[in-house]
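Peer 1: Protein chains in written order, with our numbering: chain V, 6 to 346; chain L, 6 to 346.
Where is the CB? At the ideal position from N, CA and C, for every residue including glycine.
2 protein chains.
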Amino acid sequence: MNLKQFSQLLGLSPTTVSRALGGYPEVKEETRLRVREAAIRHGYRPNRRAASLATGRSMAIGHVIPTTLNHEMVNPIFADFIAGAGEIYARAGYDMLLSVVPDGDEERAYRQMADAGSVDGLIVHGPRDADPRIGLLQKTGLPFVVHGRARVDETDYSYVDIDNYRAFQRATDLLLDLGHRRIALLNGVDGMDFARRRRMGFEKALAGRGLTPLPDLMASAEMTEHMAHANAARMLDQSVKPTAFLVSSLIMAIGVRRALEDRGLRMGRDVSVVIHDDMLSYLMNGEEVPIFTATRSSVRAAGRRCAEVLLAQIRSKPDAPIQEVWECELVLGGSTGPVTT
Amino acid sequence: MNLKQFSQLLGLSPTTVSRALGGYPEVKEETRLRVREAAIRHGYRPNRRAASLATGRSMAIGHVIPTTLNHEMVNPIFADFIAGAGEIYARAGYDMLLSVVPDGDEERAYRQMADAGSVDGLIVHGPRDADPRIGLLQKTGLPFVVHGRARVDETDYSYVDIDNYRAFQRATDLLLDLGHRRIALLNGVDGMDFARRRRMGFEKALAGRGLTPLPDLMASAEMTEHMAHANAARMLDQSVKPTAFLVSSLIMAIGVRRALEDRGLRMGRDVSVVIHDDMLSYLMNGEEVPIFTATRSSVRAAGRRCAEVLLAQIRSKPDAPIQEVWECELVLGGSTGPVTT
DNA sequence: GGCATTTTCCAAACCGCTTTGACAAACCGA
DNA sequence: TCGGTTTGTCAAAGCGGTTTGGAAAATGCC
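1. For L/D120, which three-state DSSP category applies?
2. Consider the Cβ of L/V261: report whether some Cβ of chain V lies at a distance smaller than 8 Å.
3. Closer than 7 Å: is that where the CB of V/K33 sits relative to any heavy atom of the ligand ATP?
4. Could you check where the alpha helix (DSSP H) with V/P218 kicks off and where it finishes?
5. Could you pull out every unbroken alpha helix (DSSP H) segment of at least 4 residues lying fully inside the stretch 76 to 157 of chain L, listed in chain order?
6. Relative to the C-alpha of L/E293, which candidate in L/G260, L/D282, L/G338 has its C-alpha closest?
7. Which word fits V/T73, buried or exposed, when buried means at least 16 other C-beta atoms lie within 10 angstroms of its C-beta?
8. For the pair the stretch 234 to 248 of chain L and the stretch 211 to 218 of chain L, tell me if three or more CB-CB distances fall below 8 Å.
9. Measuring only the C-alpha atoms, how far is V/P295 from L/G28?
10. Going by DSSP, what residue range makes up the alpha helix (DSSP H) through V/T73?
11. Decide if L/R320 is buried, meaning its Cβ has at least 16 other Cβ atoms within 10 Å, or exposed.
12. In chain V, what lies closer than 7 Å to L/D120 by C-beta?
13. With the cut-off set at 8 Å, would you say V/R54 and L/R54 are in Cβ contact?
14. Residues in the same chain with beta-carbon distance under 6 Å from L/N7, minus the five sequence neighbours each way, listed in chain order, please.
15. Classify L/H68: buried if its beta carbon has 16 or more other beta carbons within 10 angstroms, exposed otherwise.
16. Considering just the uninterrupted stretch of the alpha helix (DSSP H) at L/F250, what are its terminal residues?
17. Hey, does L/T229 have any beta-carbon neighbour from chain V nearer than 8 Å?
18. At the level of alpha carbons, what is the spacing between L/A43 and L/R24?
19. Output the distance between the C-alpha atoms of V/R39 and V/V22, rounded to the nearest integer angstrom.
20. Identify whether L/V276 lies in helix, strand or coil by the three-state DSSP scheme.
21. For L/R301, write down the residues that DSSP places opposite it in a beta bridge.
22. For L/L58, count the other beta carbons within 10 Å of its own beta carbon; 16 or more makes it buried, fewer makes it exposed. Which is it?
23. Got a sec, what are the start and stop residues for the alpha helix (DSSP H) V/N192 sits in?
24. V/M78 and V/T177: beta carbons closer than 8 Å?
25. Take the Cβ of V/H315 as the centre, count every other Cβ of all protein chains shown within 10 Å, and call the residue buried at 16 or more, exposed below.
26. Contact check, V/P132 vs V/G153 under 8 Å by CB: the rounded distance?
27. Would V/Q174 be called buried (16 or more neighbouring beta carbons within 10 Å of its own) or exposed?
28. Which word fits L/A325, buried or exposed, when buried means at least 16 other C-beta atoms lie within 10 angstroms of its C-beta?
29. Do the CB positions of V/A65 and V/L102 come within less than 8 Å of each other?
30. May I ask you to verify whether the stretch 143 to 150 of chain L touches the stretch 183 to 191 of chain L, counting CB pairs closer than 8 Å and requiring at least 3?
31. Any residues in the stretch 83 to 102 of chain L with a beta carbon nearer than 9 Å to a beta carbon of chain V? Which ones, in chain order?
32. With a Cβ-Cβ cutoff of 8 Å, do V/V336 and V/R301 count as a contact?
33. Does any residue of chain L bring its CB to less than 8 Å from the CB of V/R54?
34. Counting Cβ pairs, one atom from each stretch, are 3 or more of them under 8 Å apart for the stretch 99 to 113 of chain L and the stretch 91 to 102 of chain V?
35. Looking only at its own chain, which residues have a Cβ that is under 6 Å from the Cβ of V/G206, when we skip the five neighbours before and after it?
36. Smallest Cα separation from V/A88: which of L/P218, L/D108, L/A95, L/V151?
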């Protein structure tokens, strides 16, 4: 059923029907109602592609989600982020176009989406330290919002990020206040912007007490349970064992806990653990009492906000980019305690 | 840059350029090369929407992923499934259209995608016991593949599923062979097809030894760490404690393990645990030696296969649906041992 | 009632591509 | 050299909507 057929059915012109459905004022309210009612009754829905072509807007937002080359791992936060963004898109009548590409191959995916005009805007995931994608997208002129940020000229693009630096500084301070001095940092891979900021916050807090970070107690790796376990195990078997861990995700913390248990150590008593908690729906950090002491920020809320910002930007190209940095909550759970020696 | 401009640039007609790029034989090889080279040099890429409209194919596949109403939870397996499917789509030049909708509201989403012609095919996620979506889609005539299956007339649609029944029967048998008699089942929510099959496999194995399942040792709930922890805790505090757990996912098993630790119980010695392992990239079940004894099947591979089957179906509407049921591996890990009393 | 407005609807152009059918050029054998 | 095939290219007609510029009908005003 296309517009022509449908309008003939109603004895109206395609123009009028299109306007009635589109909510334009040039059509009598009574006619509009008649058209609307008939549309749902006959199951008529304007063809998305044709409408896109005519209006020049594709009513879709592109997400390019990277998978790491070696392990083909896809960051589990995407599920929640996308759920959040999807809520907003659905409400605004936008579709979400997903492209899963191997790490490093993202540029091509972005360029393709831009050139082929299949989307009206883009969300950039997992920004690197100095991410080439941002410059690329600025050139295309396509609206985009970065989840996180990168070092490249921060004034020129929109982003929604959490204050990773402050979060890890505060978390480290908390551990220092508890008397911990040998604190291990299990971080995301080097090169990711968030990992760099977290490390800097960590080092800053240490420096505040006149401590220097120990290379043996710092690891940058993929944020899997397995890698975290391996790294924690290695550190716990060193001569200079850590008394506390600062861990970049809840998934990783599970690996850390496993390493502790393997050695008969009890979390929160023998060894303290602080994590960053993305508040994933299927992996909540306890209920009232958090399992892990954590810096906390909902990645789903970030997804929602990124989508909102992007849509606002598409609707009315604002001259100033929208840049938000969210403060994390710091919640106390059962995984931390005073140092014991 | 559109086709008209681009072809003028080359001194050719739009037709020829389109054909050259499309790989049609009616154009001289030399011309084709010239066109191809110019296309990449000038960054010309046919507009996706216009091409779609002209061909009638939208070159996109729709995924409708449900989030549970109450907890807005999105199943973490989607990330991996989608990564798998995305690989295949990318290779075949298809886009992936994602729609995240609250549980139960999926029908509308499907109908919309179908009516508006925004996709050439659909993947159905998380089929219920007797899922209305399947009948709906059959009526629309849009090709679709179900990840999993439902009870409704299994002969009429394509699916890729694992043998949940056999998997859980075998897992239960394994525990029974180890001497366990009080085996708890922590399953997905009632109403999901896979949960029903798993329960039936479990009950069948018990029946094989003349045992009847104890209602107190069976739970159906959302597959979160938290729910699993709560249910395991409740069971462990009963007078008739389970000596073993059969658990529907690795995430849930983490909750179970936490419940065990809370009580000073050691997994694999005091209490045995068998899980179903979807082989998620960020949550591997150990390396050489699995942490958990498990029935195992890669959900990423399932994503790949679903995509392949769907694309095959789109290319050449076959008269017979493609239906695959994969056997799970049964791997032995450190989480099981003979019953101790 | 007659004219100016406003309201309601329509015909036709256009969005950017694919594809059919036609045509010119090159090639072939006789 | 000439008719008959290929081969390489093109003009034009869709695909299914939206939107501009009018025309017809309805309304308002004096």
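Peer 2: Concretely, from the data shown:
1. Three-state DSSP puts L/D120 in a helix.
2. no
3. As far as ligands go, the structure on display features none, and thus does not contain the ligand ATP.
4. Note, V/P218: premise wrong, no alpha helix (DSSP H); not H, not E.
5. 82 to 97, 111 to 120, 137 to 145
6. L/G338
7. buried
8. The stretch 234 to 248 of chain L vs the stretch 211 to 218 of chain L: no contact.
9. 59 Å
10. Premise fails: V/T73 is in no alpha helix (DSSP H) and is neither H nor E.
11. exposed
12. Neighbours of L/D120 in chain V, taken as residues at a C-beta separation under 7 Å, are given in chain order as G48, R50.
13. yes
14. If the five residues before and after L/N7 are omitted, its C-beta is found closer than 6 Å to no C-beta atom of its own chain.
15. buried
16. No alpha helix (DSSP H) holds L/F250; the beta strand (DSSP E) holding it covers 249 to 252.
17. yes
18. Distance between the alpha carbons of L/A43 and L/R24: 14 Å.
19. 10 Å
20. strand
21. L/D282, L/E334
22. buried
23. Premise fails: V/N192 lies in the beta strand (DSSP E), 188 to 192, not in any alpha helix (DSSP H).
24. No, the pair does not count as a contact, with Cβ atoms beyond the cut-off.
25. Before going on, a small fix: residue 315 of chain V reads as Leu here, not His. It counts as buried.
26. 5 Å
27. buried
28. exposed
29. yes
30. no
31. F83, A84, D85, I87, A88, G89, A90, G91, E92, Y94, A95, D100, M101, L102
32. Result yes, Cβ atoms of V/V336 and V/R301 sit closer than 8 Å.
33. yes
34. yes
35. If we look at V/G206 and ignore the five residues flanking it on each side, its Cβ neighbours are Y170, F173, Q174.
36. L/D108
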